[in-house]
Amino acid sequence: MVNYQENVLARRGLDGRAHIPALPFWVAIIRVFQLLLAVVVLGCSAYAYHTFNGDEISGYTDIFRAYSFSFFAFSWTILFILYIFVTPLFLPKFYLYWAHIVLEALTLLWWMVTFALFADMIQSSWWKYYESLIDSASQLEDTAQDYGYSYGSNSAIDSFKAAIGTTKAALALSVINWVLFIVTLVALSIYVNKHRKEQGESGFAGISISRNKQPGDVEAAQQQEKIVHQQPVELTNVQQYPQQQYPQQPYPQQPYPQQPTPVH
């Protein structure tokens, strides 16, 4: 049975990885889905862009900027996931959790821009007009076939309809990927904060403390602290000084006058 709370770094040991926050296994599973969604969005964008590019409307290049930006979001996501998987597992000294948080936030931003551009393109007046033309042509073809006329296979209309469908699919998948990156960013922030508390770091300057320490110093310091607390404290080679004796001075007794006893 898979333990989804297991530290993903534990399977390669923790030597030299004391500065890396421990992330549960379910975060790695979400990373796989993020990568798959990025690949599918890239495929949908590539197909739609290739279909529309050969038409007379290809001059409206500003309308298709969503496809171009999806290529950028895909490339950025690939590089980001490579960094957060390769450096902790194989090159731990190059991993910085502050850089991880910043790159995660930027990746989230790029996917938000991607689905925003897709939504803007689909809601544009040009897109709606072109979509209505394709629907009209498809309805005209269906009407002709009902009256016994056949124009053969109209691959252009089918391709444009598929391109419109894949564009809408790219929009939906971009939103899902954006939500997944929100989840991983929140989880990363929680576990980094937990890691900093365990290591006794506070403030943004904690990054400089982590850089100055060699991998494994934190475990060695904690082990040494345990040994010190377990060993009894012995005072040896402590020179004792003799206490100086001072002569006690006698205090003179003060004579008090005696009162006569009354005779009754």
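Residue numbers are given in this note's numbering: position 234 of the sequence shown equals residue 224, and the series is strictly consecutive. The beta-carbon is built from N, C-alpha and C at its ideal position, and this holds for glycine as well.
One Cα belongs to residue 86, the other to residue 73, and the distance between them is close to 10 Å. Here residue 14 carries a strand assignment [DSSP, helix/strand/coil].
Membership of residue -4 in any alpha helix (DSSP H) is not indicated, and neither H nor E is assigned to it by DSSP.
In the three-state reduction of the DSSP assignment, residue 125 falls in the helix class. In the DSSP assignment, residue 78 falls within the alpha helix (DSSP H) that extends over 55 to 79.
For residue 34, the CB contacts under 6 Å within the same chain, skipping 5 residues up- and downstream, are 156, 159, 160 in chain order.
Annotation for residue 107: the continuous alpha helix (DSSP H) segment containing it runs 87 to 112. In the structure shown, residue 7 adopts coil according to DSSP, grouped into three states. One Cα belongs to residue 77, the other to residue 10, and the distance between them is close to 10 Å. Counting the other Cβ atoms within 10 Å of the Cβ of residue 105 gives 16 or more, which makes it buried.
DSSP places residue 189 in the coil class of the three-state scheme, outside both helix and strand. At the C-beta level, residue 163 and residue 30 come within 7 Å of one another. Approximately 13 Å separates the beta-carbon atoms of residue 54 and residue 62; this is outside 8 Å, ruling out the contact.
Contact between the segment 78 to 98 and the segment 118 to 129 is not established, with fewer than three Cβ pairs separated by less than 8 Å.
Using a Cβ distance threshold of 7 Å, residue 28 and residue 70 do not count as a contacting pair.
Taking the C-beta atoms as reference points, residue 13 is found no nearer than 7 Å to residue 119. Taking C-beta atoms as the reference points, residue 171 and residue 98 count as a pair closer than 7 Å. Close CB contacts of residue 175 within its chain, under the 8 Å cut and outside five residues either way in sequence, are with 91, 94, 95, 98 (chain order).
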